[in-house]
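Chemist:
Numbering (this note's numbering), first residue to last: 106 to 284.
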């Protein structure tokens with residue numbers, strides 16, 4: 106596939122849509138300017154191949170599943186337990202060794218800027234390790250929630266109930282002239 110550096114990302118048939126389950130979870134009024142929705146995404150297939158559509162940025166926990174996302178200019182970004190999906194200007198192929206469960210927050214443009222301080226144009230179309238870009242307390246919460254979910258100690262709603270306040274605490278005022 107062009108743009109994936111000759112890797113297997115995006116090659117082959119896509120996983121059928123009926124294999125995916127997604128639940129949308131509410132956003133507190135305090136976070137509503139920053140997060141458009143929380144979600145719990147699941148696919149229990151052994152191998153998952155799909156396309157991430159062009160979208161706003163996400164903070165996403167991957168308690169189950171490891172994979173990689175093809176980059177528009179070639180190469181891949183590997184997934185991590187706590188991920189920062191930067192805003193995407195185009196659809197991007199990904200593959201995951203499942204089962205794959207994700208608990209995440211779709212960020213508004215304001216949320217992206219306040220949480221990351223990063224320019225979406227400069228950092229777009231990437232799957233980052235959140236540890237490298239976000240406040241350590243938020244990332245530590247994300248790792249703890251992944252472990253609790255994997256152990257069956259917390260469900261997605263309980264994870265979101267803890268993730269939301271940790272995100273709010275990590276929000277920073279916008280820098281002057283933030284693009």
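Ideal Cβ placement from N, Cα and C applies to all residues, glycine included. Since we're looking at a predicted model, the values are computed, not measured.
#1: To which residues does DSSP link residue 144 through a beta bridge?
#2: Going residue by residue through the region 141 to 187, where are the continuous beta strand (DSSP E) segments of at least 3 residues, counting only ones entirely within it?
#3: Does residue 233 have its Cβ less than 9 Å from a Cβ in chain B?
#4: Thinking residue 285 and residue 202 are a contact (beta carbons under 8 Å), I'd like their distance in whole angstroms, please.
#5: Do you know how far the Cα of residue 272 is from the Cα of residue 242?
#6: So residue 235 packs on residue 176, CB below 8 Å; how close in whole Å?
#7: By alpha-carbon positions, which one of 229, 256, 184 and 210 ends up nearest to residue 270?
#8: Tell me the residue span of the alpha helix (DSSP H) that contains residue 254.
#9: Which partner residues of residue 202 appear in the DSSP bridge assignment?
#10: Taking the alpha-carbon positions, what's the residue 111 to residue 230 distance?
#11: Is the distance from the Cβ of residue 208 to the Cβ of residue 250 below 9 Å?
Modeler: Taking the geometry as given:
#1: 129 and 209
#2: 152 to 157, 163 to 175 and 181 to 183
#3: The structure shown has no chain B; it contains just one protein chain.
#4: Because the chain here runs from 106 to 284, residue 285 falls outside it and cannot be looked at.
#5: Cα to Cα, the separation comes out at about 9 Å.
#6: In this structure residue 235 does not touch residue 176 by the C-beta definition: roughly 18 Å separates them, more than the 8 Å allowed.
#7: Minimum Cα distance to residue 270 is reached at 210.
#8: Its alpha helix (DSSP H) spans residues 241 to 255.
#9: BP columns for residue 202 point to 152 and 171.
#10: Residue confidence is low: residue 111 scores 35 on pLDDT, short of 50, so the model does not pin down where it sits. No coordinate-derived value is stated.
#11: Between residue 208 and residue 250, the C-beta spacing is below 9 Å.
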